[in-house]
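For reference, the structure is listed below as structure tokens.
In our numbering, the protein residues as written are 84 to 440.
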């Protein structure tokens, strides 16, 4: 296990640990085609290597992330926390409306996709009628949104879905989206009338690379964990990056979760990149890089790791830019990340840009 030597003023940094194999197998059972089978959790440690609970949090609020990687690889990247501040984000023509529409239960047929709801994206290339995933109550994949199915959906850039049931399968699968009941769609989280909500992150992605647009593909979580939710940054453009608030968002087995983005080579479209790939494709779960993003107690971290499925270099470089970054050098240049296992930046205040060049 690798622990970072970087300590913030609080002398507390989080370290990433792998969950025992029995939990890993639970995830592997429902994820065919080399889907992710290692769950990674985050615990705080002090300079002596002892697990501690930050004074501002309780034991139940201790940061834990289900950031997982394909093929059984362990993410040993140290995630350094950071304070955040609100910052407006510039965006290009790929951005859309915010999810401000209230959703009425029992009004839309399960056979009709919810693309008319503001903030919801129609994932036509997935082949599920616009849905990001469809699952039965045990988390098994289905192809049609019909009675008893949980129909998950994607939200626009900088936003996350609000709907998932509080009762989750005992087998470790995750369910997200709307429930189809008696032919109509119903919310699974009655505490939120909107299907999408903007995140509070101060992170943007900038594409200064000359090889074309870049598709970052976030995993559909809770849901199938398919990396099919796109953040597409056109050449010369910028987009906000959704950073999950781990204190309020979906929890897996009582543990907080974070957002994970598989970063395709520049020039790969969302239709060709935000899918389950294979060893020969170099896309989706075989994309060259993975970015993690999470927030807890007003602190934000961003991790950059090489995808162990892909040994080829990406056709871009990556750097982090901000006025108040900590965490040491964290970059990807000429096919190499500044730290072999990955690296993390911390945003002490202000905003941060993830720049592809």
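Don't be surprised by glycine CBs; every beta carbon is placed ideally from N, CA and C.
Local Cβ density within 10 Å of residue i, reported as buried at 16 or more and exposed below that
| i | result |
| --- | --- |
| residue 282 | buried |
| residue 394 | exposed |
| residue 187 | exposed |
| residue 332 | buried |
| residue 446 | Since the first and last residues shown for the chain are 84 and 440, residue 446 lies out of range. |
| residue 239 | buried |
| residue 303 | buried |
| residue 390 | buried |
| residue 368 | buried |
| residue 386 | buried |
| residue 363 | exposed |
| residue 382 | buried |
| residue 236 | buried |
| residue 397 | buried |
| residue 210 | exposed |
| residue 416 | exposed |
| residue 402 | buried |
| residue 120 | Note that residue 120 has pLDDT 33, beneath the 50 cutoff, so the model's placement of it is unreliable and no number is given. |
| residue 172 | Because residue 172 sits at a pLDDT of 34, beneath the cut-off of 50, its placement in the model cannot be relied upon, and the following sentence gives the value as read from the coordinates. Residue 172 comes out buried. |
| residue 307 | buried |
| residue 384 | buried |
| residue 481 | Given a span of 84 to 440 for the chain in the structure shown, any question on residue 481 remains unanswerable. |
| residue 422 | buried |
| residue 202 | buried |
| residue 249 | exposed |
| residue 438 | buried |
| residue 198 | exposed |
| residue 418 | exposed |
| residue 440 | exposed |
| residue 293 | exposed |
| residue 215 | buried |
Residues near residue i by beta carbon distance below 6 Å, same chain, minus five either side
| i | result |
| --- | --- |
| residue 408 | 428 |
| residue 299 | 314, 344 and 346 |
| residue 221 | 252 |
| residue 286 | 324, 326 and 435 |
| residue 412 | 421 |
| residue 190 | none |
| residue 404 | 436 and 438 |
| residue 399 | 292, 349 and 439 |
Own chain partners of residue i with C-beta closer than 8 Å, once the 5 adjacent residues on each side are dropped
| i | result |
| --- | --- |
| residue 232 | 193, 217, 218, 219, 225, 262 and 263 |
| residue 243 | 279, 280, 282, 325, 327, 332 and 342 |
| residue 115 | Caution is warranted here: a pLDDT of 33 is assigned to residue 115, below 50, making its placement in the model unreliable, and the coordinate value is therefore given only provisionally. Cβ within range, chain order: n/a, list empty. |
| residue 230 | 193, 263, 264, 265 and 266 |
| residue 257 | 222, 247, 251, 304, 305, 306, 308, 333 and 335 |
| residue 184 | 200, 201, 202, 277 and 278 |
| residue 360 | 366, 367, 368, 369 and 370 |
Beta-carbon contacts of residue i that lie in its chain and below 7 Å, excluding the five residues immediately before and after
| i | result |
| --- | --- |
| residue 295 | 318, 349 and 350 |
| residue 245 | 272, 275, 277, 278, 279 and 280 |
| residue 270 | 186, 188, 246 and 261 |
| residue 204 | 237, 238 and 239 |
| residue 213 | 196, 198, 205, 206 and 207 |
DSSP bridge partner residues for residue i (one or two, in chain order)
| i | result |
| --- | --- |
| residue 34 | The structure shown does not extend to residue 34, since the chain is modelled only from 84 to 440, so the question has no answer here. |
| residue 376 | 342 and 385 |
| residue 203 | 238 |
| residue 218 | 224 and 233 |
| residue 268 | 263 |
| residue 213 | 206 |
| residue 185 | 277 |
| residue 439 | 290 and 401 |
*In chain order, which continuous runs of the beta strand (DSSP E) of length 3 or greater are located wholly inside the region 275-346?*
279-281, 286-290, 297-301, 312-316, 321-323 and 342-346
Could you check whether the region 351-368 touches the region 308-323, counting it as contact only if at least three pairs of C-beta atoms, one from each stretch, sit closer than 8 Å? yes
**Item:** Uninterrupted beta strand (DSSP E) stretches inside the region 227-263 (no shorter than 3 residues)
**Value:** 233-235 and 242-244
*In chain order, which continuous runs of the beta strand (DSSP E) of length 3 or greater are located wholly inside the region 383-429?*
401-405 and 414-416
**Asked** Would the region 368-380 and the region 262-280 be scored as touching if the rule is three or more Cβ pairs under 8 Å?
**Response** no
Q) Any contact of the region 428-439 with the region 396-408, i.e. 3+ C-beta pairs under 8 Å? A) With a cut-off of 8 Å, the region 396-408 and the region 428-439 count as touching, because enough Cβ pairs lie within range.
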